[in-house]
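To start, the structure itself, in structure tokens.
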Amino acid sequence: MNTIIGIFAKPLGYLLVALHNIIGNYGISLIILTTIVKVCLYPLYIKQMKSTIGASAISGKIKQIRQKYANDKETMNIKIQELYKQEGVNPAGGCLPVLIQTPILFALFALLRDPLSYIKDNTILIASHESFLWMADLSHPDKWILPILAGIATYISFSISQQSTPQMSEMGGMMKATKYVFPMMIVLLGRSYPAGLSIYWFFGQFLQIFFNLHINKLRKKAELERSKGRKGNR
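Position one of the sequence shown corresponds to residue 0 (numbering that gives the first Met the number 0), numbered consecutively onward.
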């Protein structure tokens, strides 16, 4: 795991140093770094959305295959894979954003807590102690304002993402609990970790709100086109 974190932490660290050398402000550099990361990940969210729509559209056919070949697992798996290929659906597509964003987040946690472990440049260590807005030292936690803002942004982003992923809404109690518990965890973590990390998370979720709104529009358009395509094939 440490190796994976290092793979992401080193380039992120050097990018942050480069941004700080150009801009001269650590807080703004973190915001720009967040924007770069989010924009790079956005195509994966689009892919996730399309994969989710495709999987939802063929869920009935998959159920029929499972029932028909319940006693023949090998044939069942072959038929399901053939269906995925025929419909152009990647069953793993919905996992890509999570699989990629998770190590990036852990890398930022590690980088902002102990920058010199990943990049041999005192610039980032000195910069992390700069002030930003009401925060006197970004290497120290902001106890309330930023963690609460990060929690609120996370809640709004999560709520909108449920609209773009109907399966999440159908999962009932567990998802409803996560909707409230996860933002609370973000608040608690934000009060314990460097304020720079809270800046990353808050601004990242702020951007994600607009991304999710855009994804909702694309989802409705894609569902309509897929529905028209199915009618045209009848």
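Even glycine gets a Cβ: it sits at the ideal position worked out from N, Cα and C. This one's a predicted model, so the numbers in the text were calculated from it and none came from an experiment.
| Asked | Found |
| --- | --- |
| From the DSSP output, read off the bridge partner residues of residue 131. | 134 |
| Using CA atoms only, rank isn't needed, just tell me which of 145, 25, 178 and 20 is closest to residue 155. | 178 |
| Under 7 Å Cβ to Cβ from residue 255, same chain only, skipping five residues before and after it: list those, please. | A question about residue 255 goes unanswered here, because the residues of the chain that appear run from 0 up to 233. |
| Measure the alpha-carbon distance for residue 152 versus residue 205 and round it to whole angstroms. | 6 Å |
| Would a C-beta distance cut-off of 9 Å place residue 145 and residue 103 closer than the cut-off? | no |
| What is the rounded straight-line gap between the Cα of residue 130 and the Cα of residue 57? | 53 Å |
| Does the region 113-132 come close enough to the region 79-88 that 3 or more CB-CB pairs lie under 8 Å? | no |
| Tell me whether residue 139 sits in a helix, a strand or coil according to DSSP, three-state version. | coil |
| Spatial neighbours of residue 100 within its chain, please: CB distance less than 8 Å, with the 5 preceding and 5 following residues excluded, ordered by chain position. | 40 |
| Taking 9 Å as the cut-off, decide whether the C-beta atoms of residue 143 and residue 112 are in contact. | no |
| Return helix, strand or coil for residue 87, following the three-state DSSP convention. | coil |
| How many angstroms separate the CA atom of residue 34 from the CA atom of residue 68? | 47 Å |
| Expressed to the nearest angstrom, what Euclidean distance is found between the alpha-carbon atoms of residue 14 and residue 215? | 31 Å |
| Looking only at its chain, what residues have a beta carbon closer than 6 Å to the beta carbon of residue 3, apart from the 5 residues adjacent to it on each side? | 102 |
| Tell me whether residue 193 sits in a helix, a strand or coil according to DSSP, three-state version. | coil |
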